[in-house]
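Colleague: So that we are looking at the same thing, I have put the structure below in structure tokens.
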């Protein structure tokens, strides 16, 4: 096992980009080598922090679901959101964290679709507030998952 796989992958990418690629003869081979090195760098970042970023997403979606449930007059939907707010990955492997993340994301999309529909006047402000929470989550998600320079 490589104890710091993300660092090892970064070192390999750096060696590829700075030492091996410049010695390639064709422009295509150099461009392909550079792209491969950049992808290795992104994979290193994902390997190092991907699970934590997904868990941050999971926690943020769960908090959003609890807050949304308090706003909703649709009792079955509110109960479903509260239940989803308790979802935990079965382990901290990338596969299991991705499965929980995906389940919550599907629910978030369904909630977003629901609150974006025309609503009775009495519910409109609450649904707009939920919609704003969803957009705030999406902005924070995009910032968290930004590809490193």
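Residue numbers (this note's numbering): 193 to 341.
Quick reminder that beta carbons are idealized off the backbone N, C-alpha and C, glycines included.
Let me know the secondary structure DSSP gives residue 261 once reduced to three states.
Modeller: Annotated three-state conformation of residue 261 is helix, per DSSP.
Colleague: Here's a check: name, in chain order, each residue in its chain whose Cβ is nearer than 7 Å to the Cβ of residue 222, leaving out the five neighbours to either side.
Modeller: Here residue 222 has 213 and 216 as same chain residues with Cβ atoms under 7 Å from its own Cβ, once five neighbours each way along the sequence are excluded.
Colleague: Take residue 242 as the anchor and find which of 322, 331, 218 and 289 has the nearest alpha-carbon.
Modeller: Considering only alpha carbons, the answer is 289.
Colleague: If we count Cβ pairs, one from each stretch, closer than 8 Å, do we get three or more for the stretch 228-244 versus the stretch 200-213?
Modeller: yes
Colleague: Under 8 Å Cβ to Cβ from residue 339, same chain only, skipping five residues before and after it: list those, please.
Modeller: 234 and 237
Colleague: Any idea if residue 281 is buried or exposed, counting beta-carbon neighbours within 10 angstroms, 16 or more meaning buried?
Modeller: buried
Colleague: Tell me the residue span of the alpha helix (DSSP H) that contains residue 268.
Modeller: 267-276
Colleague: Which whole-angstrom value describes the C-beta separation of residue 296 and residue 276, a residue pair presumed to lie in contact below a C-beta threshold of 8 Å?
Modeller: 6 Å
Colleague: Give me the Cα-Cα distance between residue 304 and residue 267, rounded to the nearest whole angstrom.
Modeller: 17 Å
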